[in-house]
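Here the sequence shown is numbered in this note's numbering, starting from 223 and rising by one per residue.
In this text, a Cβ means the ideal position worked out from N, Cα and C, and glycines have one as well.
Working notes, beginning with the structure itself.
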Amino acid sequence: MLTGASTTDILTLLRTPPGERPALYARADACRRAAHGDGVPLRGIVEFSNICANDCLYCGIRAANAGVHRYRMSAEEILAVARRLPESGQNTIVLQSGEAPSPAGDARLGRLIARLKAETPLAVTVSVGNRPRATYAAWRAAGMDRYLLRFETSDAALFARLHPACTLAERLRCLADLRDLGVQVGSGFMIGLPGETHARLAANIALCRDLDLDMVGIGPFIAHPATPLAGVPNAWAADPEMHFVAIAVLRLAHPRAHIPATTAFDALFPDPSGRDLALVRGANVFMPSATPGRYRGDYLLYPDKPCVDEDAGMCAFCTAGRIVRLGRSIAEGPGHALSRAPGAAP
Ligand code: 5AD
């Protein structure tokens, strides 16, 4: 079992001078290989609805953005996408949407999870925001394997400013409930939120390690023009490579985590692809978009999202090419969490 870096180490590693970063990336890549091997688990992400009741200050599909055309895919549409995922090596479906809790909608999602488990061989990951424990328990009973819910920032005051009507404590309560229910838990944060310092970035990485997360998704903050943060620069605008330093240090701090090369990396670094670079600097997972092309333009959490004109088949094809070019392979099996450290808190 590899042990992760201490918090002091995290801060020191984040301050790696530019000339020494290639060596840091090589260490992170070796750590990724030792923990996870060269297989890249693929998770097809279906953004099945952009309806949202929240007004998170950074997010393009916030409720107050009247310029967004709202949609919700039907269960049949989602199942049709799901049935095609295994043929391209995608053994997990990630169901993501805006956060719009309702008894009817939550029950409908439970029935969808049950059908996905009964009718496909897929692992099911859900990412639809904060819910009461009882709702998570119902989804778990329906067969939900994993849940993604980023804590976004470990700074409680900043969290409160960015999320009207939600607190960091509440978000962490959700993560604790999910773990307690036996769900594999993913969280993470945005890199470069306003005012971010090396120390705050270190605290975010340390929280991922301390929560002993099974999956950690991190990606650059990119200001959306139709939000209150329009025009606010990413805190690392003067040194954008810090986004990759963050991925590498996260890997060294928390070796066993599944870390995806998130889509927002391609928005910030289009050429060469930021997602490809992330995969050789610590990340091990890829999440091709499986959202039907006609909905993609309506699910823009941030601007410059890649592949908005593609369809799911194209993303599966492109993903396979990327992985081969990197000398890696598509992982077989469901891509479940690696086992947690002995003696870790429940
Ligand atoms: N820039 C980058 N990431 C964003 N997200 C939402 N809005 C933005 C933005 N403007 C991320 C959040 C959320 C995930 C689904 O998308 O971290 O948890």
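- Inter-residue distance for aspartate 533 and arginine 383 is about 36 Å (C-alpha atoms, whole angstroms).
- Considering only Ala257, Ala227, Asp231, Pro263, the residue with the shortest C-alpha distance to alanine 553 is Pro263.
- For methionine 412, the Cβ falls inside the 7 Å cut-off from some heavy atom of ligand 1.
- Burial state of valine 346 is buried, judged by a 10 Å Cβ sphere holding 16 or more other Cβ atoms.
- Look at the stretch 448-532 and you find these whole runs of alpha helix (DSSP H), each 4 residues long or longer: 464-475, 486-490, 496-501, 515-518.
- Assigned with DSSP and collapsed to three states, serine 409 falls in strand.
- In the three-state scheme derived from DSSP, where H, G and I count as helix and E and B as strand, tyrosine 369 is classed as strand.
- For isoleucine 440, the three-state secondary structure derived from DSSP is strand.
- Counting only the Cα atoms, glycine 408 lies some 18 Å from alanine 500.
- For threonine 347, the three-state secondary structure derived from DSSP is strand.
- Pairwise C-beta distances place the stretch 430-450 in contact with the stretch 393-409, as three or more of them are shorter than 8 Å.
- A residue is called buried when at least 16 other Cβ atoms come within 10 angstroms of its Cβ; serine 324 does not meet this threshold and is exposed.
- In the structure shown, isoleucine 300 falls within a helical segment according to DSSP collapsed to helix, strand and coil.
- At least one heavy atom of ligand 1 lies closer than 7 Å to the C-beta of isoleucine 444.
- Judged by beta-carbon spacing, leucine 334 lies within the 8 Å limit of isoleucine 300, meaning their Cβ atoms are closer than that value.
- With respect to the 8 Å criterion, alanine 505 and serine 310 are not classified as neighbours on the basis of their beta carbons.
- The C-beta of aspartate 367 has 16 or more other C-beta atoms within 10 Å across all chains shown, which makes the residue buried.
- With fewer than 16 other beta carbons inside 10 angstroms of its own, histidine 291 counts as exposed.
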